[in-house]
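K.L.:
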Amino acid sequence: MHAKRPRPRRRRARYHPRRAGVARSGRRIRVLPGQPGRCRCTAEHLAAATALTVRCPPVDNGQVDTTGGLIGRDEVLAVLRASFDQAAAGRGQLLLIGGEAGIGKTAVAGAAADLAAAQGALVLWGRCSETEGVPAFWPWAQVVRAAAEAGTRPPAAVAALGWAGTAEPADASGAAVSTARFRLFDATAGFLAALGDSRPVVVVVEDLHLADPDSLALAEFAARQLPGGRVLLIGTYRGEEATGQLRHLAGSASLISLAGLRPAEVSRLMTRHLGREPDDDEARRMWDRTAGNPLFVTELSRLAGVRGVTDASGLAVPGADSVRDVIERRLARLPQDCVHTLAAASLDTQALRPGLLQQALAVDVETHLELAAAAGVLVRTGNGLRFAHDLFREVLAAGLTGDAQATLHLSLARALEEQAAAGGLAYPAELAAHYCAVSLTRPDPAVRSAAVRHSRAAAAAAAARLAFADAVGHLERVLPLLDTDVATRLDVLLELGEARRKAGRLALARVTYLDGAALARASADHPRLARAALGLHAVGAKTGPSTEREQTIGLLQQAAGTTGLTPQLAALVNAALARDLFHSLDAARTTRARQLAQHAVTLARGSRDRWTLAHCLIAAHDVCWRPGSARERLTILDELLALARQLHSADLIAQARLLRATALLELGDPLAHAELDLFCRESEQLGDAAARWDAQSRRAAAALLAGQLEEAGALIGAAGRAAQDMGSADAVLIHDIQRWELARFQADRGSYRRLRPDAEPPVETWPPWRALLAADGGEPERAAAVMAGFPVEQSDGPGATVGYDLWFPSIAAEAAARCGSSALRRQLYERLLPLAGTHVVCGATVAYSGAVDHYLGLLAASLGEHSAAADHLAAAVAQHHQLGASAWAQLSALERTRVGRAAPAAAPNRFRREGAVWHITYRGKTIRMPDAKGLHDIAALLAQPREPVPATQLAGLVAPAGAAPVLDDQARAAYKARLTELDQEIDDATADSDLERASRAAAERDALIGELSRAFGLGGRRRRLGDDSERARKAVTARIQHAIDHLQRYHPDLAAHLRAAIRTGTACSYQPAEPVGWNQ
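So, in structure tokens, the structure goes:
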């Protein structure tokens, strides 16, 4: 049989979008999958297409007129030119161009890029892809590669993550993963900023509506760094397809929304493609039909030129009112084997790769691509060929049947594997996408096995980049492909649970871990059962009794009772069980929790595994957490922080910081602010959704503490939205707690309602909560009725029989003071009195709720003990000022004023020694105390209120004229020099994002400052060796403190007053908040 000549154009085979490998030309011609069709490309075809192109230039979304300018976009280009000028002057910004498909977004961005390049700017392009298998951060990888090709070396932090042509990174340890995201984002933003130092930079990222969540997160991070730099970041997107994350990004950008061309501009565009000027009616009809969409106008005009139609607006072509229909007709003019090559290219995950297509199809790919380029389906760029518009790719892919797609996917996958075997680059994500696509229609065990293998590798690579949403997608897609291999199914479930947890999809993560646990239990796989239990524990549950916590406890108990676990795994299971038992707030479980935590620490120390020991120390910390335990917990936390630094684990360092901040706040130590700020900054760098929420919620707590109520409200709102997105019951509960604390200062608690009233614990039914809502709502009688008969044993909160903080007891104390019985007030006062001088902190710095003395003052006032109330509230004011809690200081001062107005005349106070016995009366209560030096010191201070008395005078000593200083001048100079070096090292490490080096330097700096503080007195005066004043200061301070501690046993009110009013040091004084008279 002789070879057939090419058919005349009027009978050329047409591409049909719904029939893979089927062409139409009067009769159907079947093209076998993976084989060239019967209509083969020839030189004659190429010449015909090239001739056709003279009349119909390639698609550019129209708009370029004969002068080279864009048609109808003068105003838009003026905005873009002004934005570039601002960026070139050091005022970089993010600019987003939105509009429907074909409206000209790429053309406008390209014109802006050309204008910038003409003025010496470096222009970098990245494109998002809708095809599966594109690695996370793909558009940014293209941007960095483009910069590298322009002769700029990307930073190591970027190259190490597989960009600029390197392979994707292997899975990393938890410590590396925890810091990778921030370093990646910071390095990328810094790289772009550094490029702008030498010349302006324009970065264009196309089709952001197709971007993965992690690429959008990086865009948001980079956008925040743009002001002050010489970088203009331009993004294009289809508004109707924008995700919530993209809409959030758009909220911080300058927006350009492209509309259709005007009728006169449509006429100019038609003239360009028709080779003649349409009359006004024809142009108006075209405008009515296309709404001025440049791509649609272009395609209809081209079709009219091909067919020789005199009125382009009146084409009587079925379905021509769809852009896709017009594109299908464009493709129908190409030979079928050329369309087959283009269809394979449409399934590739990246830009057109002729070498890969050649290897996969074994046809003359170069000729096919030249033909497609000549016909305007493909366009040339600096990096080769690409589709003129994504609609071409969409139409080609949609036109393939399932079997044809599977054949092409398999060919591409095998070609990629061959390239990888030869040392080339093949991303796990694209291999996974191809094999998964094949598996949908072909139940081949080998193909499914490859799909599972590559999908797990792709998920691991995504997780190593902290692209957890991407990791979830890879693992979810492979679940239906798992066969009867139980171990593999278990591993995939555990990996999916972890990815969902880190992506913030907590409810789904819980279900996944439970499914994995059920499978492990059924197959008697004890190690994987333990891993599932630990995963469920990591998902977390709200503090207190709950169904979720009991579910976790049950699974951990099952795992703890199995055999075959390594010492490390057994230690972690015991530690997790101890924490969940303790945080269930059941007093009957406390002893068991402490035993388990101690056993876990013993196992961990025996294993010599520092990472395991660190996690077991967290459990040891938790189980000793109770009111008044702050100093004990700080000892454990010091060891934990040291281990975390040795492990270079930013996650563990952040946990230790938060717990240290909590303990320091309980003690009223202002250093808590620095620890909390460090925790927030380090959590923001961890990358996963839960860590980012941790930082948001604790910044809200810090704003509340500082009295910055407007800022606190905004932060609480943002953290609450993140909590709801995560689906974490504990996070939603924390949001409600912070809203409650904010309402306290806004006088709005009467109308307060929880966002999740159905969530546990059911505080709406807890009497103190209900009573305060009623009292603040103007219903004191109902509040009193609610509190009637409330037992003090329930003051730890609804359903709790023991508590580890004072948040619920503080609510109970306030409610009792306002509308409770005298007996309840007395019981709560006696419970809180030993904790005077400490502070109420909800959980791990969820919220700061004031000094304990504030609540003692409220209770004492309600009991009619006005003098004691005044002292407690005065102490609270001082403590709040010391901690920087300005709003709380005002609240305590207001209560102090109320007490002063209500207080009756006080009985005479007496502090007198008679022989060897001191007779002491305060607020009508008299005690007798044996003689002690500290009482003599106190009496001397009471006799001279507000007057400084030297400690040497109290001790009966005279300060010598001179003595050797504790630090000589040479030592002082050495200390000063080293402090300067450490300050510089901290700045350098922070700039390099080297948290470990910064932490080590900060720790050494704190130690040096501590040494200096011991060598210098008030006002920077140098202390001297053998200085009697120094010895007197220490002796008198110890004597007074000992005397007050002794008074605490017999007259707590007096002890509280003296502790708040007496100042010790080289000079001591008695400074009561209000004048107090003493008979001596």
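Per full-length UniProt numbering, numbering of the sequence shown is gapless, rising by one per residue and ending at 1080. We put the CB at the ideal spot given by N, CA and C, even for glycine.
1) Give the straight-line distance between the Cα atoms of R978 and E1004, rounded to the nearest whole angstrom.
2) Using 9 Å as the threshold, is the C-beta distance between A189 and Q93 below it?
3) Here's the rule: buried if 16 or more other CB atoms are within 10 angstroms of the residue's CB, otherwise exposed. What is R105?
4) Answer with buried or exposed for D525, where buried requires no fewer than 16 other C-beta atoms within 10 angstroms of its C-beta.
5) What do you reckon, are the CB atoms on P762 and A812 nearer than 9 Å?
6) To which residues of the same chain is C338 closer than 7 Å at the C-beta, ignoring the five residues directly before and after it?
7) So, with DSSP's three-state summary, where would you put I636?
8) Just to confirm the assignment, what range does the beta strand (DSSP E) spanning C128 have?
9) Where does C842 fall in DSSP's three states?
10) Using the rule of at least 16 other Cβ atoms within 10 Å of the residue's Cβ for burial, across every protein chain shown, is H389 buried or exposed?
11) Would you call E741 buried or exposed, if buried means 16 or more other Cβ atoms sit within 10 Å of its Cβ?
12) Starting from the C-beta of R579, find all residues in its chain whose C-beta is less than 7 Å away, skip the five residues before and the five after it, and write them out in chain order.
13) Return yes when the Cβ of V452 is within less than 9 Å of the Cβ of V478, no when it is not.
14) Indicate the three-state DSSP secondary structure (helix, strand or coil) for H648 in the structure shown.
15) Looking at Q551: is its Cβ nearer than 9 Å to the Cβ of A604?
16) Is it right to say D1053 is buried, meaning 16 or more other beta carbons lie within 10 angstroms of its own, or is it exposed?
17) By the 10 Å Cβ neighbour count, where 16 or more other Cβ atoms means buried, how is Y1050 classified, buried or exposed?
18) Using the C-alpha atoms, what's the distance from L556 back to S896?
19) Give a yes or no on contact between the region 800-817 and the region 574-594, applying the rule of three or more CB pairs nearer than 8 Å.
20) Whole angstroms is fine: what's the gap from L659's alpha carbon to A146's?
21) Give the DSSP bridge partners of A1067, in chain order.
22) From what residue to what residue does the alpha helix (DSSP H) around V492 run?
23) According to DSSP, is G235 helix, strand or coil?
24) Within the continuous beta strand (DSSP E) that includes H1051, where are the two ends?
25) Rounded to whole angstroms, what's the CA-CA distance from E764 to Q724? Just pull it up for me.
26) Would you mind working out which of L412, L572, F392 and F808 sits nearest L361, comparing C-alpha positions?
27) Can you tell me which residues form a DSSP beta bridge with T921?
28) Whole angstroms are fine: how far does the CA of H854 sit from the CA of S892?
29) Rounding to the nearest angstrom, what Cα-Cα distance links A714 and L704 in this structure?
30) For a test of the three-state rule: what should DSSP assign to Y427, helix, strand or coil?
31) How is Q708 classed by DSSP in three states: helix, strand or coil?
32) Compare the C-alpha of A700 against each of A691, A719 and V492 and name the closest.
33) Spell out a yes or no on whether the region 260-272 and the region 130-140 are touching, meaning 3 or more CB-CB pairs, one atom from each, closer than 8 Å.
34) DSSP has Q93 in a bridge; who is on the other side?
35) Quick check on V144: does DSSP put it in helix, strand or coil?
36) Can you find the residues in the same chain that come closer than 7 Å, C-beta to C-beta, to R531, ignoring five residues on each side of it along the sequence?
P.N.:
The short version:
1) Here residue 978 corresponds to residue number 978 of the sequence shown, with the count starting at 1. Here residue 1004 corresponds to residue number 1004 of the sequence shown, with the count starting at 1. Using only the alpha carbons, I get a separation of about 10 Å.
2) The count along the sequence shown starts at 1 and reaches residue 189 at position 189. The count along the sequence shown starts at 1 and reaches residue 93 at position 93. Contact flag unset, no.
3) As a position in the sequence shown, residue 105 is number 105, starting the count at 1. What sits at residue 105 in the sequence shown is Lys, not Arg. Its Cβ being crowded by 16 or more others within 10 Å, K105 is buried.
4) On the sequence shown, position 525 is the one that residue 525 refers to. Flag for D525 reads buried.
5) Along the sequence shown, read from residue 1 onward, the residue named residue 762 stands at position 762. Along the sequence shown, read from residue 1 onward, the residue named residue 812 stands at position 812. Taking 9 Å as the Cβ cut-off, P762 and A812 do not qualify as a contacting pair.
6) In the sequence shown, counting from the first residue as 1, residue 338 sits at position 338. Here the set comprises C41, H368, L371 and A372.
7) Numbered from 1 along the sequence shown, position 636 holds the residue referred to as residue 636. Helix, per DSSP.
8) Walking along the sequence shown from the start, residue 128 turns up at place 128. From DSSP, C128 is part of no beta strand (DSSP E); its letter is neither H nor E.
9) On the sequence shown, position 842 is the one that residue 842 refers to. Strand at C842.
10) In the sequence shown, the residue the question calls residue 389 occupies position 389. That one is buried.
11) Residue numbering aside, residue 741 sits at position 741 when the sequence shown is read from its first letter. The residue is buried, with at least 16 neighbouring Cβ atoms inside 10 Å.
12) If you number the sequence shown from 1, residue 579 lands on position 579. The residues are A619 and D622.
13) Here residue 478 refers to the residue found at position 478 of the sequence shown. Here residue 452 refers to the residue found at position 452 of the sequence shown. Yes, they are a contact pair.
14) Position 648 of the sequence shown, counting from 1, holds the residue named residue 648. DSSP places H648 in coil when its eight states are reduced to three.
15) Within the sequence shown, residue 551 is the residue found at index 551, counting from 1. Within the sequence shown, residue 604 is the residue found at index 604, counting from 1. Judged by their CB atoms, Q551 and A604 are not nearer to each other than the 9 Å cut-off.
16) Locating residue 1053 in the sequence shown gives position 1053, counting from the first residue. Burial call: buried.
17) Position 1050 of the sequence shown, counting from 1, holds the residue named residue 1050. Y1050 counts as exposed, since fewer than 16 other beta carbons sit within 10 angstroms of its beta carbon.
18) One-based indexing of the sequence shown puts residue 896 at position 896. One-based indexing of the sequence shown puts residue 556 at position 556. It should be pointed out that residue 896 corresponds to Arg in this sequence rather than to Ser. Taken atom to atom, the span from the alpha-carbon of R896 to that of L556 is near 50 Å.
19) The region 800-817 makes contact with the region 574-594, as at least three CB pairs between them are under 8 Å.
20) Position 659 of the sequence shown, counted from the first residue, corresponds to residue 659. Position 146 of the sequence shown, counted from the first residue, corresponds to residue 146. Rounded to the nearest angstrom, the gap between the Cα atoms of L659 and A146 is 45 Å.
21) Looking up residue 1067 in the sequence shown gives position 1067. According to DSSP, which records beta bridges pairwise, A1067 is partnered with P950.
22) Here residue 492 corresponds to residue number 492 of the sequence shown, with the count starting at 1. According to the DSSP assignment, V492 belongs to the alpha helix (DSSP H) that extends over V486 to K502.
23) On the sequence shown, position 235 is the one that residue 235 refers to. Here G235 sits in strand by DSSP.
24) Position 1051 of the sequence shown, counting from 1, holds the residue named residue 1051. From DSSP, H1051 is part of no beta strand (DSSP E); its letter is neither H nor E.
25) In the sequence shown, counting from the first residue as 1, residue 764 sits at position 764. In the sequence shown, counting from the first residue as 1, residue 724 sits at position 724. Each residue's alpha carbon lies about 20 Å from the other.
26) Translated into the one-based positions of the sequence shown, residue 361 becomes position 361. Out of L412, L572, F392 and F808, L412 has the C-alpha closest to the C-alpha of L361.
27) By one-based count along the sequence shown, residue 921 stands at place 921. Looking at the DSSP output, T921 bridges to R910 and T926.
28) Taking the first residue of the sequence shown as position 1, residue 892 is located at position 892. Taking the first residue of the sequence shown as position 1, residue 854 is located at position 854. Roughly 6 Å between the two C-alpha positions.
29) Here residue 714 corresponds to residue number 714 of the sequence shown, with the count starting at 1. Here residue 704 corresponds to residue number 704 of the sequence shown, with the count starting at 1. About 11 Å.
30) Mapped onto the sequence shown, residue 427 falls at position 427. The three-state reading of DSSP puts Y427 in coil, since its state is none of H, G, I, E or B.
31) One-based indexing of the sequence shown puts residue 708 at position 708. DSSP places Q708 outside both helix and strand once states are collapsed to three, so it counts as coil.
32) Position 700 of the sequence shown, counting from 1, holds the residue named residue 700. Looking at A691, A719 and V492, the one whose alpha-carbon comes closest to that of A700 is A719.
33) As far as the Cβ criterion goes, the region 260-272 does not touch the region 130-140, which means the pair count is below three.
34) Within the sequence shown, residue 93 is the residue found at index 93, counting from 1. The partner list for Q93 (beta bridge, DSSP) reads L232.
35) On the sequence shown, residue 144 is found 144 positions in, with the first residue counted as 1. Three-state DSSP puts V144 in a helix.
36) For the purposes of this step, residue 531 is taken as residue 531 along the sequence shown, with counting starting at 1. Hits under 7 Å: L494.
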